[in-house]
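Peer 1: As you go down the protein sequences, you meet chains X and G in turn.
Each number in our numbering corresponds to the 1-based position in the first sequence with 26 added.
Each number in our numbering corresponds to the 1-based position in the second sequence with 651 added.
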Amino acid sequence: MYRSHVLVCGGTGCTSSGSEEIIQALQAEIDKNGLTSEVSVVKTGCHGLCALGPIMIVYPEASFYSMVKVEDIPEIVSEHLLKGRVVTRLLYNETVTEDGMKSLSDTAFYKKQHRIALRNCGVINPENIDEYIGTDGYQALGKVLTEMTPDEVIQVVLDSGLRGRGGAGFPTGRKWQMARNFVQDGGQKYVCCNADEGDPGAFMDRSVLEGDPHVVLEAMTIAGYAIGASQGYIYVRAEYPIAVERLRIAIGQAREYGLLGNNIFGTDFSFDIDLRLGAGAFVCGEETALMTSIEGNRGEPRPRPPFPAVKGLFARPTILNNVETYANIPQIILHGANWFASMGTEKSKGTKVFALGGKINNTGLVEIPMGTTLREVIEEIGGGIPDGKKFKAAQTGGPSGGCIPAEHYDVPIDYDNLLAIGSMMGSGGLIVMDEDNCMVDIAKFFLEFTVDESCGKCTPCRVGTKRMYEMLDKITKGQATLEDLDKLEELCYYIKENALCGLGQTAPNPVLSTLRYFRDEYVAHVVEKRCPAGVCKALLSYTIDADKCKGCTLCARNCPANAITGAVKEPHVIDQSKCIKCGACMEKCRFSAISKK
Amino acid sequence: MSSKNTVPFAGTKAQEEQLLQVISENKEERGALMPILQHAQEIYGYLPIEVQTIIARELDIPLEKVYGVVTFYSQFSLFPKGKYKISVCLGTACYVKGSGDIFNKLSETLAIDSGECTADGKFSLDACRCIGACGLAPVLTVNDDVYGRLTVDDVDGILEKYV
Numbered sequence: 027m028y029r030s031h032v033l034v035c036g037g038t039g040c041t042s043s044g045s046e047e048i049i050q051a052l053q054a055e056i057d058k059n060g061l062t063s064e065v066s067v068v069k070t071g072c073h074g075l076c077a078l079g080p081i082m083i084v085y086p087e088a089s090f091y092s093m094v095k096v097e098d099i100p101e102i103v104s105e106h107l108l109k110g111r112v113v114t115r116l117l118y119n120e121t122v123t124e125d126g127m128k129s130l131s132d133t134a135f136y137k138k139q140h141r142i143a144l145r146n147c148g149v150i151n152p153e154n155i156d157e158y159i160g161t162d163g164y165q166a167l168g169k170v171l172t173e174m175t176p177d178e179v180i181q182v183v184l185d186s187g188l189r190g191r192g193g194a195g196f197p198t199g200r201k202w203q204m205a206r207n208f209v210q211d212g213g214q215k216y217v218c219c220n221a222d223e224g225d226p227g228a229f230m231d232r233s234v235l236e237g238d239p240h241v242v243l244e245a246m247t248i249a250g251y252a253i254g255a256s257q258g259y260i261y262v263r264a265e266y267p268i269a270v271e272r273l274r275i276a277i278g279q280a281r282e283y284g285l286l287g288n289n290i291f292g293t294d295f296s297f298d299i300d301l302r303l304g305a306g307a308f309v310c311g312e313e314t315a316l317m318t319s320i321e322g323n324r325g326e327p328r329p330r331p332p333f334p335a336v337k338g339l340f341a342r343p344t345i346l347n348n349v350e351t352y353a354n355i356p357q358i359i360l361h362g363a364n365w366f367a368s369m370g371t372e373k374s375k376g377t378k379v380f381a382l383g384g385k386i387n388n389t390g391l392v393e394i395p396m397g398t399t400l401r402e403v404i405e406e407i408g409g410g411i412p413d414g415k416k417f418k419a420a421q422t423g424g425p426s427g428g429c430i431p432a433e434h435y436d437v438p439i440d441y442d443n444l445l446a447i448g449s450m451m452g453s454g455g456l457i458v459m460d461e462d463n464c465m466v467d468i469a470k471f472f473l474e475f476t477v478d479e480s481c482g483k484c485t486p487c488r489v490g491t492k493r494m495y496e497m498l499d500k501i502t503k504g505q506a507t508l509e510d511l512d513k514l515e516e517l518c519y520y521i522k523e524n525a526l527c528g529l530g531q532t533a534p535n536p537v538l539s540t541l542r543y544f545r546d547e548y549v550a551h552v553v554e555k556r557c558p559a560g561v562c563k564a565l566l567s568y569t570i571d572a573d574k575c576k577g578c579t580l581c582a583r584n585c586p587a588n589a590i591t592g593a594v595k596e597p598h599v600i601d602q603s604k605c606i607k608c609g610a611c612m613e614k615c616r617f618s619a620i621s622k623k
Numbered sequence: 652m653s654s655k656n657t658v659p660f661a662g663t664k665a666q667e668e669q670l671l672q673v674i675s676e677n678k679e680e681r682g683a684l685m686p687i688l689q690h691a692q693e694i695y696g697y698l699p700i701e702v703q704t705i706i707a708r709e710l711d712i713p714l715e716k717v718y719g720v721v722t723f724y725s726q727f728s729l730f731p732k733g734k735y736k737i738s739v740c741l742g743t744a745c746y747v748k749g750s751g752d753i754f755n756k757l758s759e760t761l762a763i764d765s766g767e768c769t770a771d772g773k774f775s776l777d778a779c780r781c782i783g784a785c786g787l788a789p790v791l792t793v794n795d796d797v798y799g800r801l802t803v804d805d806v807d808g809i810l811e812k813y814v
């Protein structure tokens, strides 16, 4: 028994800010102080508060150290671990109160969260199956295999109201039922896991895989039992090396424990899982494209119907669910459908994990009950917007989604509400934008992404998105007319109706939603040749305020285009015909005399 | 793509043996082509036509099918990468925090575009889509080193470490 456990986050965010070095230094320091047999260092998955990484929590006190540096380690070990005195100076300031320490779950970031999918992330060592089993892991699988029929399992999932967390929100139980009912020849069926988390800015699936890989294995095995499959595939992005490694370890351990393989729990049910790595194609997050890719082909989508539940991987009945969807399954089995259905809104049950990013103080991962408002997420949990800037919009659903403006700040977040206001749940990326972000530029950014990632199979997407991108480019350069705006809108609807797969059909969404809520910004670009947010370079001009300029010559010396002239101690002037709008002068000026508009 | 400068193929016998080993271990699996290509890229660093030819021959599938798959996925490269592979994240979270400017600065300084390699073979530059370190945005990686919370002014200092 150890008297103290030190949990250090080993997720991608904290690893990127140096948590591996922290762990090494910590272990060395613990050994040096003779505490090896008393203090255990555990590398966990993500705690969610990535903005404050690397993160370290010392139990039993639950002291939350944030932004830990290697230099801090000797002090933490000698003071806290050796002498029992918490190093308050290094704690996350939200947890420090006048009369001591506040529990982490009482901080604004965690208070409104409810962790189901993320329940083990940051709590257990993901590379040790015993720790998963210690938190009720594989109990649901045992219950399913020994006490429930496949139909009962599907009924529980149906009754829970769980909908696909990958974005589209299709009821998970219905998918399973379709695949189960398809008994044609008694041959092979497949269970697939979509871990090809392609939406930029979404990283909840990665965190589950890194922090709690066994939950996905357990849920897939349950799904295999429910539909009558004996083989599963996890298709995971190669961009997630830590997740891939932990999945490999987890699969090895599960096989060793007999939780994957033949005759699981002594029953006649057998199931195994293999990993398949993606190779950087966004379209492979689309279910039919993903299966085509597992088959070893170019990852191009296929027309539906036939649906995968009828004819999927290797032309066999297949179910495909997303990582976060699976992460809910064991808890639903253990606690029952009613427990899950008691959370959330009428048509969206349970919780949803969001990745908060962009212009927000607490970037990181949060899991909130469906129905929480955007205001609560951004202002309370997210800690608001940095530098006192004003909220402009939140982008959800990635390149398939849209922007939610301030007027919908109080809409309860669920699948149907987001669709109604022109966005979508998506996989859960939530990027906050402030007044310095140009919405036309953002729309163009997403279209550039879609053009790049279009697989080229169908013309509306291959050619249409390219034309949309060109129109947006014209707008940001001030070369478009109002007629172009109408054409752009028309093209959007055409692509939506005619593209083959979800990627193409939703590609116009970022444009449509910004046109809907920020049309005035588009018009400003077109008519006034002005970018209100000051982003679109071609429409900017830099000027020097003669009253503020002290004639220090710093700007002139730093201008790469020699566009600034003026005598020493006299106000300087920018020659607009030479200016390349790089902004170097404005950055260098010490008197705030240069402005852009 | 073909306009890019590249170097002649210089695969060794040992690399080929390694590749043949990988192929024979995987060829019976359904959908083996992708995993084999991923291993092959680990062995050679990229997938020149010579390597694709070996894979096509051993799997007994047309070369065009191999080429089709290689060119579909952005992680497969027909060209060698630099000794130091720089990837700038242009995912949404990084983009709204200014990673586009960082990419431009690198492109300008190294005088190469996305997907290209400097003439001395030292640096290659790529734009990547979200490595998931959004809490550190904007982010770039040089091989396995991650640099986060960047500004344009950090670029020169980072490059200097590798010169």
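Virtual Cβ for every residue (Gly too), placed ideally from N, Cα, C.
Does the beta carbon of Arg-628 (chain X) sit closer than 8 Å to a beta carbon anywhere in chain G?
Peer 2: In this structure chain X extends from 27 to 623, so residue 628 (chain X) is not present and cannot be described.
Peer 1: For Tyr-352 (chain X), does the count of other Cβ atoms within 10 angstroms reach 16, so buried, or fall short, so exposed?
Peer 2: With a threshold of 16 other beta carbon atoms within 10 Å, Tyr-352 (chain X) meets it and is buried.
Peer 1: Do Gly-306 (chain X) and Val-262 (chain X) count as a contact pair if the criterion is CB distance below 8 Å?
Peer 2: no
Peer 1: Going along the segment 322-336 of chain X in order, which residues come within less than 9 Å of chain G, judged by CB to CB distance?
Peer 2: Gly-322, Asn-323, Arg-324, Gly-325, Glu-326
Peer 1: What does the alpha-carbon distance come out to for the pair Asn-154 (chain X) and Ala-276 (chain X)?
Peer 2: 8 Å
Peer 1: When Cβ atoms are compared, which residues of the segment 391-421 of chain X fall closer than 8 Å to chain G?
Peer 2: Gln-421
Peer 1: Residue range of the alpha helix (DSSP H) that Leu-580 (chain X) falls in?
Peer 2: 580-584
Peer 1: Rounded to whole angstroms, what's the CA-CA distance from Asn-354 (chain X) to Gly-504 (chain X)? Just pull it up for me.
Peer 2: 48 Å
Peer 1: Any Cβ of chain X within less than 8 Å of the Cβ of Cys-781 (chain G)?
Peer 2: yes
Peer 1: State buried or exposed for Ala-228 (chain X), treating a residue as buried only when at least 16 other CB atoms are found within 10 Å of its CB.
Peer 2: buried
Peer 1: Below 8 Å on the Cβ atoms is my contact criterion, and I expect Val-379 (chain X) with Met-230 (chain X) to pass it. Report the Cβ-Cβ distance as a whole number of Å.
Peer 2: 4 Å
Peer 1: As a quick exercise: from X:Phe-475, X:Glu-406, X:Thr-114, pick the residue whose alpha carbon is nearest that of Asp-125 (chain X).
Peer 2: X:Thr-114
Peer 1: I'd like to know if Met-459 (chain X) contacts chain G, where contact means its C-beta is closer than 8 Å to some C-beta of that chain.
Peer 2: yes
Peer 1: Output, in chain order, the set of chain G residues within a Cβ distance shorter than 9 Å of Thr-389 (chain X).
Peer 2: Ala-744, Cys-785, Gly-786, Leu-787, Ala-788
Peer 1: Does DSSP put Gln-257 (chain X) in a helix, in a strand, or in coil?
Peer 2: strand
Peer 1: Which residue marks the beginning of the alpha helix (DSSP H) containing Ser-186 (chain X), and which one marks its end?
Peer 2: 176-186
Peer 1: Ordered along the chain, which non-local residues of its own chain (more than five positions away) have a Cβ less than 7 Å from that of Ala-469 (chain X)?
Peer 2: Leu-498, Pro-536, Val-537, Thr-540
Peer 1: Do you know how far the Cα of Cys-72 (chain X) is from the Cα of Cys-785 (chain G)?
Peer 2: 13 Å
Peer 1: Have a look at Cys-608 (chain X) and Ile-809 (chain G) and give me their C-alpha separation to the nearest angstrom.
Peer 2: 21 Å
Peer 1: Mind listing which residues of the segment 372-386 of chain X have their C-beta closer than 7 Å to chain G's C-betas, in chain order?
Peer 2: Ala-381, Gly-383, Gly-384, Lys-385
Peer 1: Step through the CB atoms of chain X and report whether any lies within less than 8 Å of the CB of Gln-703 (chain G).
Peer 2: no
Peer 1: Between the C-alpha atoms of Asp-510 (chain X) and Arg-545 (chain X), what's the straight-line distance to the nearest angstrom?
Peer 2: 13 Å
Peer 1: Nearest to Tyr-435 (chain X) by CA position, among X:Cys-35, X:Ala-419, X:Met-127, is which residue?
Peer 2: Each of X:Cys-35, X:Ala-419, X:Met-127 was checked against the Cα of Tyr-435 (chain X), and the nearest Cα belongs to X:Ala-419.
Peer 1: So Ile-99 (chain X) packs on Cys-35 (chain X), CB below 8 Å; how close in whole Å?
Peer 2: At roughly 15 Å, the Cβ-Cβ gap does not stay under 8 Å, so Ile-99 (chain X) and Cys-35 (chain X) are not in contact.
Peer 1: Please confirm if the segment 322-342 of chain X is in contact with the segment 386-404 of chain X, defined as three or more CB-CB distances below 8 Å between the two stretches.
Peer 2: no
Peer 1: Is Ala-506 (chain X) helix, strand or coil by DSSP?
Peer 2: coil
Peer 1: What is the residue span of the beta strand (DSSP E) that Ser-775 (chain G) lies within?
Peer 2: From DSSP, the beta strand (DSSP E) with Ser-775 (chain G) extends over 774-779.
Peer 1: Along chain X, which residues have their Cβ under 7 Å away from the Cβ of Phe-727 (chain G)?
Peer 2: Ala-305
Peer 1: Quick one, which of X:Cys-575, X:Lys-373, X:Lys-563, X:Glu-613 has its alpha-carbon nearest Gly-187 (chain X)'s?
Peer 2: X:Lys-373
Peer 1: What separation, rounded to the nearest whole angstrom, lies between the Cα atoms of Val-67 (chain X) and Gln-50 (chain X)?
Peer 2: 10 Å
Peer 1: Roughly how many whole angstroms lie between the Cα atoms of Glu-496 (chain X) and Asp-512 (chain X)?
Peer 2: C-alpha separation (whole angstroms): 14 Å.
Peer 1: Would you identify the three-state DSSP class for Tyr-91 (chain X), choosing helix, strand or coil?
Peer 2: Tyr-91 (chain X): strand per DSSP, three-state reduction.
Peer 1: What distance in whole Å lies between the Cβ atoms of Gly-163 (chain X) and Glu-244 (chain X), which are believed to be in contact at a cut-off of 8 Å?
Peer 2: 7 Å
Peer 1: If the criterion is Cβ atoms closer than 8 Å, does the pair Phe-723 (chain G) and Val-739 (chain G) meet it?
Peer 2: no
Peer 1: Arg-189 (chain X) by DSSP, collapsed to three states: which one?
Peer 2: strand
Peer 1: List the whole-angstrom C-beta distance separating Thr-371 (chain X) from Pro-438 (chain X), where the pair is believed to meet the contact cut-off of C-beta under 8 Å.
Peer 2: 6 Å
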